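These notes concern the structure reproduced below.
There are 4 protein chains.
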Amino acid sequence: MTEEQRFEEMLNNEASLTDKQKKILLAATEIFAEKGFAATSTNEIAKKAGVAEGTIFRHYKTKKELLLSIVTPMMLKMIGPIILKDFNKVLNKDFDHFEDFLRAMIANRKEFLEKNLKVVKIFLQEVPFHDELKDQFIEHVGKQVYERFVQIVTHYQKKGQLADMPPTTVIRLTASTILGYFATKYIIATDQTWDDEKEIDGMIQFLLKGLSRQ
Amino acid sequence: MTEEQRFEEMLNNEASLTDKQKKILLAATEIFAEKGFAATSTNEIAKKAGVAEGTIFRHYKTKKELLLSIVTPMMLKMIGPIILKDFNKVLNKDFDHFEDFLRAMIANRKEFLEKNLKVVKIFLQEVPFHDELKDQFIEHVGKQVYERFVQIVTHYQKKGQLADMPPTTVIRLTASTILGYFATKYIIATDQTWDDEKEIDGMIQFLLKGLSRQ
Amino acid sequence: MTEEQRFEEMLNNEASLTDKQKKILLAATEIFAEKGFAATSTNEIAKKAGVAEGTIFRHYKTKKELLLSIVTPMMLKMIGPIILKDFNKVLNKDFDHFEDFLRAMIANRKEFLEKNLKVVKIFLQEVPFHDELKDQFIEHVGKQVYERFVQIVTHYQKKGQLADMPPTTVIRLTASTILGYFATKYIIATDQTWDDEKEIDGMIQFLLKGLSRQ
Amino acid sequence: MTEEQRFEEMLNNEASLTDKQKKILLAATEIFAEKGFAATSTNEIAKKAGVAEGTIFRHYKTKKELLLSIVTPMMLKMIGPIILKDFNKVLNKDFDHFEDFLRAMIANRKEFLEKNLKVVKIFLQEVPFHDELKDQFIEHVGKQVYERFVQIVTHYQKKGQLADMPPTTVIRLTASTILGYFATKYIIATDQTWDDEKEIDGMIQFLLKGLSRQ
DNA sequence: TATGAATGAGACTTCATTCAT
DNA sequence: AATGAATGAAGTCTCATTCAT
Chain L
1 MTEEQRFEEM LNNEASLTDK QKKILLAATE IFAEKGFAAT STNEIAKKAG
51 VAEGTIFRHY KTKKELLLSI VTPMMLKMIG PIILKDFNKV LNKDFDHFED
101 FLRAMIANRK EFLEKNLKVV KIFLQEVPFH DELKDQFIEH VGKQVYERFV
151 QIVTHYQKKG QLADMPPTTV IRLTASTILG YFATKYIIAT DQTWDDEKEI
201 DGMIQFLLKG LSRQ
Chain C
1 MTEEQRFEEM LNNEASLTDK QKKILLAATE IFAEKGFAAT STNEIAKKAG
51 VAEGTIFRHY KTKKELLLSI VTPMMLKMIG PIILKDFNKV LNKDFDHFED
101 FLRAMIANRK EFLEKNLKVV KIFLQEVPFH DELKDQFIEH VGKQVYERFV
151 QIVTHYQKKG QLADMPPTTV IRLTASTILG YFATKYIIAT DQTWDDEKEI
201 DGMIQFLLKG LSRQ
Chain V
1 MTEEQRFEEM LNNEASLTDK QKKILLAATE IFAEKGFAAT STNEIAKKAG
51 VAEGTIFRHY KTKKELLLSI VTPMMLKMIG PIILKDFNKV LNKDFDHFED
101 FLRAMIANRK EFLEKNLKVV KIFLQEVPFH DELKDQFIEH VGKQVYERFV
151 QIVTHYQKKG QLADMPPTTV IRLTASTILG YFATKYIIAT DQTWDDEKEI
201 DGMIQFLLKG LSRQ
Chain D
1 MTEEQRFEEM LNNEASLTDK QKKILLAATE IFAEKGFAAT STNEIAKKAG
51 VAEGTIFRHY KTKKELLLSI VTPMMLKMIG PIILKDFNKV LNKDFDHFED
101 FLRAMIANRK EFLEKNLKVV KIFLQEVPFH DELKDQFIEH VGKQVYERFV
151 QIVTHYQKKG QLADMPPTTV IRLTASTILG YFATKYIIAT DQTWDDEKEI
201 DGMIQFLLKG LSRQ
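Protein chains in written order, with the UniProt record's numbering: chain L, 1 to 214; chain C, 1 to 214; chain V, 1 to 214; chain D, 1 to 214.
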């Protein structure tokens with residue numbers, strides 16, 4: 001099965017997963033997130049999943065394949081809402097202002113993160129060490145999402161709502177700001193409580209001012 | 001030797017390191033950065049350092065201690081310029097405007113990063129899995145640097161150069177922006193070439209506008 | 001699994017042992033007895049057992065657990081005949097005289113020793129260095145057997161067959177005499193041939209006279 | 001240096017020992033007794049002795065030589081009082097009765113043991129694993145002491161104070177009884193307190209009765 | 001004489017993976 | 001499909017011993 005094919009399959013299947021398989025994925029996600037891929041033993045996963053060690057290898061040829069089986073579908077779900085065929089239409093209709101777009105985007109990313117926090121953590125930890133992951137991300141996420149974002153930024157620049165920087169820069173500044181907040185909330189200072197509404201408002205004001213025409 | 005003591009020692013010594021010890025640290029840094037701590041074998045390190053495996057353990061009781069011996073001193077060097085006793089003076093004298101401060105800070109961090117890129121990478125990779133690292137960071141860096149920054153932000157807020165957000169938020173937004181750039185340049189898109197001057201100017205304009213009073 | 005449980009299990013199972021497990025126990029017993037626990041390598045055991053080194057650790061988490069798995073069951077078998085529920089009955093019926101009891105006891109211990117010589121050697125070598133062993137011995141053997149013997153000695157003292165020393169002393173003197181013989185025969189002067197019948201008769205006469213009322 | 005020579009040397013020298021050497025012997029004795037020879041590391045000994053690891057090997061070519069340097073002199077001291085040239089004379093003069101001889105012997109052995117307990121323990125632990133030790137013991141102690149004891153036993157048998165068993169048997173029974181007590185007191189039940197006078201009296205009565213003519 | 005850094009063989013143990021059941 | 005015993009390579013770490021200083 002090629003990577004492409006697996007990708008396809010992942011989009012639908014979730015149903016095609018054995019009960020044991022689900023347990024394995026769940027257990028592996030849990031432990032990978034907690035201890036890191038390399039420091040996690042298949043024996044540990046098997047125990048947590050309540051499954052024989054051999055069973056893991058019946059479903060996933062190698063430990064690495066198990067990792068990919070966890071991270072790859074998350075990447076797919078990640079791009080879903082952004083590359084929707086009719087996103088453009090929605091864009092024009094619903095988001096007259098960049099602010100509205102930002103607000104929608106942040107809300108959406110937040111929901112996604114909360115649902116996929118562990119897998120995202122695993123992904124971030126492991127990208128540097130597995131070229132497949134980096135390639136997959138660039139291929140499936142990076143390019144498509146990036147292109148989409150360039151369109152969007154250009155759109156609002158034409159409307160005069162955004163300064164005339166290179167779209168790439170706008171994207172980077174926006175992403176840094178938003179991801180910086182999420183990283184702080186979900187990874188760095190997990191023990192604090194955060195007033196999302198207030199913080200998000202602050203971020204949006206900051207971005208709007210910072211990216212405004214003059 | 002307590003952590004405190006090691007910390008102290010690291011500040012001076014570097015000279016107290018055996019020749020072989022330096023080779024070990026160098027080799028370990030290289031490989032840890034490339035493959036991650038858990039996926040690196042001491043045997044590999046020994047070979048790259050041109051040293052017997054036993055020699056590693058004569059100097060560092062465990063592989064983990066070796067990791068800490070790499071990461072801890074970097075953290076110290078990190079805070080050095082920021083908590084300098086006479087920083088305040090410098091501040092008043094040299095940096096009339098927040099912009100000047102920003103520019104100096106960015107230049108300084110950039111230099112630091114370029115000198116310590118690999119160790120910083122290792123640190124980022126391993127923090128989530130080693131509580132000692134997190135604790136050390138909070139204790140030695142987090143607290144001191146944070147307090148210092150709060151002072152600085154408050155200083156510029158009083159001068160009317162910064163909006164009246166909570167200093168914490170100002171710091172987070174600034175840090176996100178700057179680190180976002182460095183992450184992009186040094187970790188994510190390492191293959192691209194970056195016009196630092198232009199990008200930094202962009203960042204600074206963005207921050208000044210975004211954080212301005214109104 | 002608590003120590004109690006292991007103890008229980010050992011009583012029945014022997015059947016529950018894998019073929020390879022038996023080979024491991026056999027090989028380990030052999031080498032431990034010959035070279036001592038600390039001087040025996042698991043690699044050596046594996047080779048002698050015709051098994052991969054990893055296999056040892058699949059069954060016994062540590063080398064020490066392997067040691068305990070050899071010595072513990074022996075201790076159980078050791079007390080078996082002595083704390084039999086109906087030993088009292090037997091005592092009254094079969095052993096009118098202390099001499100008969102002695103003779104039976106010696107014969108029984110001799111048989112036991114000949115069957116378990118190596119394991120007993122290992123036990124004696126290792127008790128001083130492993131508190132678990134000492135504790136297990138006191139708990140499972142010491143207390144129960146000692147109490148039983150006190151009863152028996154008191155029994156014969158009441159019948160006027162034994163001098164009125166403290167039972168503890170009678171037991172120590174008897175045990176020293178018997179164990180002294182076995183130690184000499186099986187451990188110290190293994191090259192000599194021993195006329196068991198004659199030596200045992202001598203011992204019994206010695207004990208009867210030495211412990212007699214006057 | 002042959003073993004013979006070392007033996008000679010040991011008799012005198014003790015004075016010829018460096019300060020550091022004494023510290024090493026002391027530390028090694030301590031740890032060997034506590035953890036066993038094989039389980040003791042030279043590094044540990046060096047630390048306890050307050051000496052560099054290399055220093056140990058400057059004085060003792062191997063770890064085993066260190067062991068022998070501890071155990072061998074003890075064996076010499078052990079036989080001293082027994083093979084004294086004029087022991088015979090002493091015998092006839094001082095000990096009319098076997099009882100007197102026994103009492104003197106026990107007192108003497110007790111004193112010896114109390115002075116050399118740790119080394120004796122080490123010796124007993126290690127004999128089975130080092131043929132040199134066994135050979136040395138047989139050569140230097142076993143033969144001479146054994147022959148001496150045969151003479152003594154025969155002496156008292158002729159005087160009608162001892163039963164007509166083979167001297168070997170008398171020796172074994174006596175030794176078992178005495179060593180049984182010391183083993184119990186010094187090794188097995190070290191936590192109890194022992195009324196030596198009473199116990200020794202009991203032992204002597206037991207032996208006298210047990211070994212008496214009829 | 002004394003040191004302690006260095007060694008490399010080998011210790012115990014873990015691991016991903018295979019395969020007979 | 002599932003198991004779990006078995007493997008052997010590889011991992012971390014310890015050790016007795018050597019040697020330059």
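Ideal Cβ positions, reconstructed from N, Cα and C, are used throughout, including at glycine. Here the structure is a predicted model, which is why all the values come from computation and not from measurement.
Review point. DSSP on V/ALA39, reduced to helix/strand/coil?
Key: coil
Check your understanding: Using DSSP with H/G/I as helix, E/B as strand and the rest coil, what is L/PRO128?
Key -> helix
Practice item. For V/LEU17, return the contacting residues in chain D, with the cut-off set at a CB-CB distance below 8 Å. Key: Here the premise fails: no neighbours, minimum Cβ distance about 28 Å.
Check your understanding: How about the segment 138 to 149 of chain V and the segment 134 to 151 of chain D: do they share at least three Cβ pairs that are nearer than 8 Å?
Key -> no
Point to revise | Of the listed residues D/GLY50, D/ILE187, D/PHE149 and D/THR55, nearest to D/ILE122 (C-alpha basis) | key: D/ILE187
Practice item. Locate the alpha helix (DSSP H) running through V/LYS77, then write down its first and last residues. Key: 63 to 79
Practice item. Could you tell me which chain L residues have their CB closer than 9 Å to the CB of C/PHE129, listed as they occur along the chain? Key: GLU34, LYS35, GLY36, ALA39 and GLN125
Exercise for review: Please classify V/GLU111: is it buried, with 16 or more other beta-carbons within 10 angstroms of its beta-carbon, or exposed?
Suggested key: exposed
Point to revise | CA nearest to the CA of L/MET75, picked from L/LYS64, L/ASP164, L/ASN116 and L/GLU53 | key: L/ASN116
Point to revise | Pairwise C-alpha distance: L/PHE182 and L/PHE101 | key: 18 Å
Practice item. Could you tell me whether the Cβ atoms of D/THR169 and V/GLU53 are closer together than 9 Å? Key: no
Check your understanding: Anyone know if the C-beta pair for residue 218 of chain C and C/LEU25 falls short of 9 Å?
Key -> Nothing can be reported for residue 218 of chain C, as the shown portion of chain C is limited to 1 through 214.
Review point. Contact check, C/VAL145 vs C/PRO167 under 8 Å by CB: the rounded distance?
Key: Contact doesn't hold; Cβ gap of about 13 Å is too wide.
Practice item. Taking C-beta pairs closer than 9 Å, name the residues in chain L that C/PHE98 reaches, listed in chain order. Key: Those within 9 Å of C/PHE98 in chain L number zero; the least Cβ separation is about 14 Å.
Check your understanding: Does the distance from the C-beta atom of C/GLY180 to that of L/LEU66 stay below 9 Å?
Key -> no
Review point. Three-state secondary structure (DSSP) at V/ARG148?
Key: helix
Exercise for review: Kindly give me the distance between the Cβ atoms of L/THR177 and C/THR184, rounded to whole angstroms, as I take these residues to be in contact under 8 Å.
Suggested key: Not confirmed; about 13 Å, so no contact.
Point to revise | chain L within 9 Å of C/LEU162, Cβ atoms only | key: no
**Study point:** Opening and closing residue of the alpha helix (DSSP H) in which C/LEU207 lies
**Key:** 196 to 211
**Study point:** Distance, C/MET105 Cα to C/PHE149 Cα
**Key:** 11 Å
Point to revise | Classification of D/GLN214 by the beta-carbon crowding that lies within 10 angstroms, buried from 16 upward | key: exposed
Point to revise | Pairwise C-alpha distance: L/THR174 and C/ARG109 | key: 21 Å
Review point. Taking buried to mean at least 16 other C-beta atoms within 10 Å of its own C-beta, is L/GLN125 buried or exposed?
Key: buried
Point to revise | For C/VAL141, three-class secondary structure by DSSP | key: helix
**Study point:** C/GLY50, buried or exposed, once every other Cβ within 10 Å from all chains shown has been counted against 16
**Key:** exposed
Check your understanding: According to DSSP, is D/GLN157 helix, strand or coil?
Key -> helix
Point to revise | Within chain D, the residues that V/LEU211 reaches when beta carbons sit closer than 9 Å | key: PHE206, LYS209 and GLY210
Check your understanding: What three-state label does DSSP hand D/THR29 in the structure shown?
Key -> helix
Check your understanding: Taking Cβ-Cβ distances below 7 Å as the criterion, which residues of the segment 47 to 60 of chain D are in contact with chain V?
Key -> none
Check your understanding: Starting from C/ALA163 and walking both ways along the alpha helix (DSSP H), at which residues does that stretch end?
Key -> Run containing C/ALA163: none; DSSP gives neither H nor E here.
Point to revise | Helix, strand or coil at L/LYS20 [DSSP, three-state] | key: helix
Check your understanding: Who are the Cβ neighbours of L/SER212 in its own chain at under 7 Å, not counting the five residues just before and after it?
Key -> ALA163
Check your understanding: What is the DSSP secondary structure of C/ALA52, counted as helix, strand or coil?
Key -> coil
Exercise for review: Indicate whether at least one CB of chain D lies closer than 9 Å to the CB of V/ALA183.
Suggested key: yes
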